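Protein chains in written order, with the UniProt record's numbering: chain A, 1 to 228; chain B, 1 to 228.
Input: a single structure, listed below in structure tokens.
Protein chains: 2
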Amino acid sequence: MTEKDWEKWVRMIADEYDLDLGKTNKETLKQKKILEAAIHIFAEKGFSGSSTSEIAERAGVAEATIFKHYRTKKGLLLRLVIPAIAKVASPWITRSALKILEQDKPFRERVEDVILDRVLLIETNWKKIKIILVESLFHPELREAIQTHVAKSVFPVMSEKIKQLQAEGELRRDLPDYVLLRSVISMAIGYLLARNVFPEQLAQSEEKDEISMIAEVLLKGVGGSHGD
Amino acid sequence: MTEKDWEKWVRMIADEYDLDLGKTNKETLKQKKILEAAIHIFAEKGFSGSSTSEIAERAGVAEATIFKHYRTKKGLLLRLVIPAIAKVASPWITRSALKILEQDKPFRERVEDVILDRVLLIETNWKKIKIILVESLFHPELREAIQTHVAKSVFPVMSEKIKQLQAEGELRRDLPDYVLLRSVISMAIGYLLARNVFPEQLAQSEEKDEISMIAEVLLKGVGGSHGD
DNA sequence: GATATAAGTGAGTAATCACTCACTTACCAA
DNA sequence: TTGGTAAGTGAGTGATTACTCACTTATATC
């Protein structure tokens, strides 16, 4: 799937499920309520575990109203998920990270800033991200879309930046760029998981200090004096 | 929840759902087939997305047979999940990692060995782990059980080992032990996720080489010459 | 070989599911 | 004010769901 294929795919799915994707649209109050309720309930119970009647009740709307706007339950899911994926993969969301890395500060501080930025970004969109991650495990079309779209539009940009930082001597040159990229992402995601699942054991300090330590480990490693 | 509370909890759930937990039991061939089919289908479609009729069909068994042995659909889920959690948190599974760390080898090699060991362990039990992780998001009792059990019985052991390695000079002493533990886990999980979701972009080399690079990043960091 | 106990099943059942349809209500432009 | 269109709904529908029960079959012990 190339970038153009992605756009085609979005249009195709949008047609198939009569999605508006929130672009041209002026949404009704009730439509907003439905989307709000759906995010809450899908995140809490998963797609299969949620019922349209429950979503309707929480939104204060007749069940039929949901089907008026989104045709099927899966149409409702995709109306939530596809714009979110498109947003994650849009240029500006990558660009804001690049901007931070280009600021006039010590490299160490820039690394902390960019990690904090991404952590906050994920935290504020946590429910939607949870839905996307979980449902991508069970809906192959979704998984494939994320794979190809994120892989083809986000990674190359980040990869380029890393190569530049390697050339500038900020990052070591004896490891491939994808390993360095994966390491940064791993440490950030690992921190978020730890904070959510084992906060008392694995994330005991203030967020600011935790991120500072993440940057420290990332740049210098965990090895002690013996390894030198 | 203390360790004794955990045992109580297991017995309580076992009573509530009539679980045998595979300890005293001689399982029938059909029971094995049911468990096999359930693992496959729960992993593929999620708990809510799976139907008992489908599980029965795949196992080559009448639907009523499932309810004969496991009383409810959730009873079947717990029969899969609870022994797996108990196993993960059992002493020997932690001990095998500690054994590796105590071998008479350079520290760098021991780190590689232990990462490889855990990666293989997760890979061979991937379906069950997937079920546990996903369903713990939606069943609070499960989440709590994992949290307290793993947190209270696995982390302290690992934490102790890390402090010892810090004292020996193999790991740096200027960061708290939980940050070092979290870093190792993050890098391993990050690698597994990358291998599963973005293999072409984020896990391009042979497993052996990837793990060697993970150990390298972990011990020495990603920072370049500028940072020295 | 008789008997007791457990394993296994076919044919249900009530409840819930996603979804439809005929209909009413709200909105807006001419 | 009117007329056309979209928003919204109450009352359904057939299909599927987890689960039950009366019953048969297999197994093990004496």
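Where is the CB? At the ideal position from N, CA and C, for every residue including glycine.
Everything numeric in this text was worked out from a predicted model, so none of it was measured.
{"Check": "Distance, Cα to Cα, residue 317 of chain B vs B:L202?", "Outcome": "There is no way to answer for residue 317 of chain B, as the model of chain B reaches only from 1 to 228."}
{"Check": "Residues of chain B with CB closer than 7 Å to the CB of A:A194, please, in chain order.", "Outcome": "R182"}
{"Check": "Can you grab the Cα-Cα spacing for the pair B:T148 / B:P91, in whole Å?", "Outcome": "15 Å"}
{"Check": "Looking at the structure shown, is B:L171 part of a helix, part of a strand, or coil, going by DSSP?", "Outcome": "strand"}
{"Check": "Counting contacts by CB-CB distance shorter than 7 Å, is A:E141 in contact with chain B?", "Outcome": "no"}
{"Check": "State buried or exposed for B:S51, treating a residue as buried only when at least 16 other CB atoms are found within 10 Å of its CB.", "Outcome": "exposed"}
{"Check": "If you drop the 5 nearest sequence neighbours on each side, which residues of the same chain put their C-beta closer than 8 Å to that of A:S53?", "Outcome": "E63"}
{"Check": "Would you list the residues sitting across from A:G223 in a DSSP beta bridge?", "Outcome": "B:L171"}
{"Check": "With a cut-off of 7 Å, does the C-beta of B:Q201 fall near any C-beta of chain A?", "Outcome": "yes"}
{"Check": "Are at least three pairs of beta-carbons, each pair with one atom in the region 176-184 of chain A and one in the region 186-197 of chain B, less than 8 Å apart?", "Outcome": "yes"}
{"Check": "Quick check: the Cα distance between B:L116 and B:D174, rounded to an integer number of angstroms?", "Outcome": "27 Å"}
{"Check": "Taking only runs of the alpha helix (DSSP H) that begin and end inside the region 89-127 of chain A, which ones reach a length of at least 4 residues, in chain order?", "Outcome": "91-101, 107-124"}
{"Check": "Under the rule that 16 or more other beta-carbon atoms within 10 Å means buried, what is B:G224, buried or exposed?", "Outcome": "buried"}
{"Check": "Taking all protein chains shown into account, decide if A:Q31 is buried (16 or more other Cβ within 10 angstroms of its Cβ) or exposed.", "Outcome": "buried"}
{"Check": "Indicate whether at least one CB of chain B lies closer than 7 Å to the CB of A:H226.", "Outcome": "yes"}
{"Check": "Measure the CB-CB distance between A:I41 and A:I66 and report whether it falls below 7 Å.", "Outcome": "no"}
{"Check": "Report yes or no: is there a C-beta of chain A within less than 7 Å of the C-beta of B:M158?", "Outcome": "no"}
{"Check": "Please report the residue range of the alpha helix (DSSP H) in which B:F67 lies.", "Outcome": "63-70"}
{"Check": "Residues of chain B with CB closer than 8 Å to the CB of A:A151, please, in chain order.", "Outcome": "F198, E200, Q201"}
{"Check": "I'd like to know if A:K208 contacts chain B, where contact means its C-beta is closer than 7 Å to some C-beta of that chain.", "Outcome": "no"}
{"Check": "By Cβ distance below 6 Å, which residues in the same chain neighbour B:A97 in space, the five residues on each side in sequence not counted?", "Outcome": "V114"}
{"Check": "Should A:R79 be labelled buried (16 or more other beta-carbon atoms within 10 Å of its own) or exposed?", "Outcome": "buried"}
{"Check": "Secondary structure at B:T24, three-state DSSP: helix, strand or coil?", "Outcome": "Unreliable placement is indicated for B:T24, whose pLDDT of 49 sits below 50; the coordinate value is still reported in the next sentence. Of the three classes helix, strand and coil, the one that applies to B:T24 here is coil, per DSSP."}
{"Check": "Short of 7 Å Cβ to Cβ, which residues in the region 107-130 of chain A face chain B?", "Outcome": "F107"}
{"Check": "Would you mind stating whether B:Q103 and B:R95 have Cβ atoms separated by less than 7 Å?", "Outcome": "no"}
{"Check": "List the residues of chain B that A:F138 touches, going by C-beta distances under 7 Å, in chain order.", "Outcome": "K45, G46, G49"}
{"Check": "For A:S136, does the count of other Cβ atoms within 10 angstroms reach 16, so buried, or fall short, so exposed?", "Outcome": "buried"}
{"Check": "A:K161 CB to nearest chain B CB: under 7 Å?", "Outcome": "no"}
{"Check": "Answer with buried or exposed for A:D177, where buried requires no fewer than 16 other C-beta atoms within 10 angstroms of its C-beta.", "Outcome": "buried"}
{"Check": "Which first and last residues belong to the alpha helix (DSSP H) in which A:P199 is found?", "Outcome": "199-202"}
{"Check": "Would you give the residue range spanned by the alpha helix (DSSP H) that B:S153 belongs to?", "Outcome": "140-153"}
{"Check": "Using a Cβ-Cβ cutoff of 8 Å, what residues of the region 165-178 of chain B are near chain A? List them in chain order.", "Outcome": "L165, Q166, E168, G169, E170, L171, R172, R173, L175, P176, Y178"}
{"Check": "Please decide whether A:E220 counts as near chain B, where near means a Cβ-Cβ distance under 7 Å.", "Outcome": "According to the sequence displayed, residue 220 of chain A carries Lys and not Glu. Judged by the 7 Å Cβ criterion, A:K220 is in contact with chain B."}
{"Check": "Just to confirm before moving on: does the CB-CB distance between B:A84 and B:K152 stay below 7 Å?", "Outcome": "no"}
{"Check": "Please go through the same chain and pick out, in chain order, the residues whose beta-carbon is closer than 7 Å to the beta-carbon of A:E112, but skip the five residues on each side of it.", "Outcome": "I211, S212, A215"}
{"Check": "Roughly how many angstroms lie between the CA atoms of A:R145 and A:I132, to the nearest whole one?", "Outcome": "This sequence places Ala at residue 145 of chain A; Arg is not what is there. So the alpha carbons of these two residues sit roughly 11 Å apart."}
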